[in-house]
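Chemist: Using the numbering used here, read the sequence shown as starting at 430 and increasing by one per residue.
Every residue, glycine too, gets a C-beta built ideally from N, C-alpha and C.
The structure is given below, and queries will be raised subsequently.
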Amino acid sequence: MNTYRHWNRRLAFFVLLSVAGLLLTSLSGCAGPRKVYTTVDELNAQGDFSQAHSYVEEHAKDYGKRNRLLYLLDRGTFAFSTGEFREAITSFTEAEQLISELYTISLSQEATTFLINDNAAPYRGEDFESIMVNLFLALSYANLSEVDEALVEARKVDSKLTAINLQYAENEENAYREDPFVRLLMGILYEMGRTSSDLNDAYISYSKALQGYDSEYQRFGVSFPEPLVENLLSAASFMGRAELRQVQNRFPSYRFASRADRKEVAEVYVLHLNGRTPIKQETVIVVPVPDGQVVKYAFPRYEEIPGLIAGARLHALPEAGNMQFVADFKVAEPIGGIAIENLENRRLRIHAKTLARATAKYLALRETERKVSKEHGGWAGLLTKFTGQMLILMSEQADLRSWRTLPEEILISKVTVPPGSYQIWAECLDASGRFVEKVELGSRELKAGDKILMQFRTTQ
430 MNTYRHWNRR LAFFVLLSVA GLLLTSLSGC AGPRKVYTTV DELNAQGDFS QAHSYVEEHA
490 KDYGKRNRLL YLLDRGTFAF STGEFREAIT SFTEAEQLIS ELYTISLSQE ATTFLINDNA
550 APYRGEDFES IMVNLFLALS YANLSEVDEA LVEARKVDSK LTAINLQYAE NEENAYREDP
610 FVRLLMGILY EMGRTSSDLN DAYISYSKAL QGYDSEYQRF GVSFPEPLVE NLLSAASFMG
670 RAELRQVQNR FPSYRFASRA DRKEVAEVYV LHLNGRTPIK QETVIVVPVP DGQVVKYAFP
730 RYEEIPGLIA GARLHALPEA GNMQFVADFK VAEPIGGIAI ENLENRRLRI HAKTLARATA
790 KYLALRETER KVSKEHGGWA GLLTKFTGQM LILMSEQADL RSWRTLPEEI LISKVTVPPG
850 SYQIWAECLD ASGRFVEKVE LGSRELKAGD KILMQFRTTQ
């Protein structure tokens with residue numbers, strides 16, 4: 430009997446060490462990104478993307494092995510924001526591959542998340558973050574004038590959204606089913622091809638974009654951007670009278686340029702990546718139970734980061750002449766809203782797993798306390814209860830990891846100008862329309878028929 434009890438104590442000690450080790454590993458994994466983000470968040474808020482890019486690269490190891498995806502996403506975002514598009518492509522491509530690998534996560538890792546918390550497993554990204562990877566890949570290729578590659582990435586968005594929603598039961602379907610901004614981007618990219626086949630594909634993309642803004646993005650308070658309607662009308666006029674009549678019935682007061690007229694001018698599309706995406710915070714509920722213990726539940730929630738800049742105005746001034754071309758920006762991609770909704774869609778699943786895990790920990794501790802008290806006395810049981818309770822309270826943590834360096838939203842503007850050399854800039858405005866800052870976009874030599882895509886980032 431003494432041998433049996435001795436073996437039991439050794440086993441209990443081994444289990445305690447194992448759980449404590451897993452807990453410490455989990456907590457240290459959380460500490461790494463938190464330490465990194467103290468500086469990354471500060472540099473991002475200041476708009477110092479170059480310094481942030483360098484800092485992320487220098488502190489790659491501080492992210493930790495389980496958070497390599499976050500490192501790749503941050504590195505890609507800052508590379509994109511500083512115009513290092515080739516490097517951005519490298520980072521986002523590796524991130525996409527890693528996401529795919531992590532979705533085949535082993536059962537042992539899943540078991541660890543149930544024993545400790547979700548931080549114990551490698552971060553594999555939210556569903557919408559997987560989509561954003563391909564969006565930024567498409568934009569990176571577009572900035573390098575590699576239109577075919579950009580279209581490949583844009584098309585992946587459609588197939589990924591379908592695949593993601595097939596993972597859920599009908600009553601749990603992800604509300605993020607369509608991305609009309611990506612459809613709009615595809616239409617612009619197709620028009621850069623200029624062939625009849627490209628124009629047909631552009632018309633289809635613009636039509637689907639309009640449907641998406643009507644059916645999917647209204648709940649975010651986002652309606653179709655002006656360039657979408659102008660381009661859809663022009664593409665419809667190329668397709669035929671029936672298609673044009675159908676669109677004009679919806680937009681009878683809109684004026685648009687014919688295909689022939691558009692060949693004589695240049696079109697400048699500018700994207701404004703504005704603000705900082707919401708970040709995850711923890712909601713904690715501690716419930717006392719009759720036996721003197723407490724059960725802790727920890728859930729993630731998104732918290733929005735208020736920003737000063739609420740809009741912008743695009744300017745193009747010809748170097749020869751005084752006529753200035755001006756157009757307002759309009760929200761086209763509500764990334765922050767999508768993030769919040771994406772987490773809300775998973776709320777019931779997260780809560781169910783958290784409740785089950787916390788309850789299982791409580792029941793396991795109660796049973797362990799009973800056995801220890803029976804075999805080694807009341808004081809040993811009380812010590813087990815106290816120690817176990819501390820471990821449980823420390824281990825139950827919400828997974829607050831996310832792609833924090835994303836913008837809050839993407840706005841779009843378009844100016845149509847005669848051929849020539851232009852100085853291009855944007856005026857950023859607050860919610861009252863007051864001037865905040867001027868962003869120089871440089872000078873461009875534009876030829877007839879040109880369609881160019883530019884962007885800038887603000888985080889104020």
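Buried or exposed: which applies to P836, given that a residue is buried once 16 or more other Cβ atoms fall within 10 Å of its Cβ?
Modeler: As a position in the sequence shown, residue 836 is number 407, starting the count at 1. Buried: at least 16 other Cβ atoms inside 10 Å.
Chemist: DSSP on E869, reduced to helix/strand/coil?
Modeler: Numbered from 1 along the sequence shown, position 440 holds the residue referred to as residue 869. Residue state, collapsed to three classes: strand.
Chemist: Out of curiosity, what's the CA-to-CA distance linking S900 and V699?
Modeler: With the chain represented from 430 up to 889, any question about residue 900 goes unanswered, as that position is not in the structure.
Chemist: So, is I714 buried or exposed, given that buried needs 16 or more other C-beta atoms within 10 angstroms?
Modeler: Counted from its first residue, the sequence shown places residue 714 at position 285. Classification for I714: exposed.
Chemist: Threshold first: 4 residues or longer. Then list the alpha helix (DSSP H) segments lying entirely within the stretch 493-566, N to C.
Modeler: Counting whole runs of 4 or more residues, the stretch 493-566 contains the alpha helix (DSSP H) stretches 497-510, 514-531 and 536-544.
Chemist: When DSSP labels each residue in this structure, what does L737 get in the three-state scheme?
Modeler: Taking the sequence shown and counting its residues from 1, the one referred to as residue 737 is at position 308. Reduced to three states, the DSSP call for L737 is coil.
Chemist: Could you name the residues that DSSP lists as bridge partners for V755?
Modeler: Working through the sequence shown from its first residue, we reach residue 755 at position 326. BP columns for V755 point to H744.
Chemist: When you compare only the Cα positions, how much space is there between G896 and G736?
Modeler: Nothing about residue 896 can be read from this structure; the chain reaches only from 430 to 889.
Chemist: Using the rule of at least 16 other Cβ atoms within 10 Å of the residue's Cβ for burial, across every protein chain shown, is F864 buried or exposed?
Modeler: Residue mapping note: residue 864 aligns to position 435 of the sequence shown, counting from 1. Exposed, since its Cβ has fewer than 16 Cβ neighbours within 10 Å.
Chemist: Taking its Cβ as the centre, do 16 or more other Cβ atoms sit within 10 Å of Y683, making it buried, or is it exposed?
Modeler: Within the sequence shown, numbered from 1, the residue matching residue 683 stands at position 254. Exposed.
Chemist: Would you kindly work out how many angstroms separate the C-alpha atoms of I374 and F649, rounded to a whole number?
Modeler: Past the edges of the chain, shown from 430 to 889, lies residue 374, and the structure says nothing about it.
Chemist: Does the count of Cβ pairs from the stretch 585-601 and the stretch 652-663 closer than 8 Å reach three?
Modeler: In short, these stretches do not touch, since the Cβ pair count stays below three.
Chemist: Please name the residue, chosen from P609, E866, T533 and E645, that lies closest to I841 on a Cα-to-Cα basis.
Modeler: Taking the first residue of the sequence shown as position 1, residue 841 is located at position 412. The option with the nearest alpha carbon to I841 is P609.
Chemist: Between S850 and the rest of its own chain, which residues show a CB-CB distance below 8 Å, the 5 nearest in sequence each way excluded?
Modeler: Locating residue 850 in the sequence shown gives position 421, where the first residue counts as 1. Taken in chain order, the residues that qualify are P747, E748, A749, S872, R873, E874 and L875.
Chemist: Which of helix, strand or coil does DSSP assign to V844?
Modeler: Residue numbering aside, residue 844 sits at position 415 when the sequence shown is read from its first letter. Residue state, collapsed to three classes: strand.
Chemist: To the nearest angstrom, report how far apart E733 and T706 are at their CA atoms.
Modeler: If you number the sequence shown from 1, residue 733 lands on position 304. If you number the sequence shown from 1, residue 706 lands on position 277. When rounded, the distance between both Cα atoms is 7 Å.
Chemist: Taking C-beta to C-beta, are V465 and L502 nearer than 9 Å?
Modeler: Here the question's residue 465 lines up with position 36 in the sequence shown. Here the question's residue 502 lines up with position 73 in the sequence shown. For V465 and L502, no; Cβs fall outside 9 Å.
Chemist: Output the boundary residues of the alpha helix (DSSP H) element that contains G400.
Modeler: Look at the range of the chain in this structure, 430 to 889, and you will see that residue 400 is not part of it.
Chemist: Give, in chain order, every unbroken run of the alpha helix (DSSP H) that is at least 4 residues long and sits entirely within the stretch 620-663.
Modeler: Counting whole runs of 4 or more residues, the stretch 620-663 contains the alpha helix (DSSP H) stretches 625-644.
Chemist: What does the alpha-carbon distance come out to for the pair L451 and E869?
Modeler: Position 22 of the sequence shown, counting from 1, holds the residue named residue 451. Position 440 of the sequence shown, counting from 1, holds the residue named residue 869. The pLDDT assigned to L451 is 48, lower than 50, so where the model puts this residue is not dependable, and the model offers no usable value.
Chemist: Should R612 and A638 be called a contact, given that it needs their Cβ atoms to be closer than 9 Å?
Modeler: As a position in the sequence shown, residue 612 is number 183, starting the count at 1. As a position in the sequence shown, residue 638 is number 209, starting the count at 1. Yes. Within cutoff.
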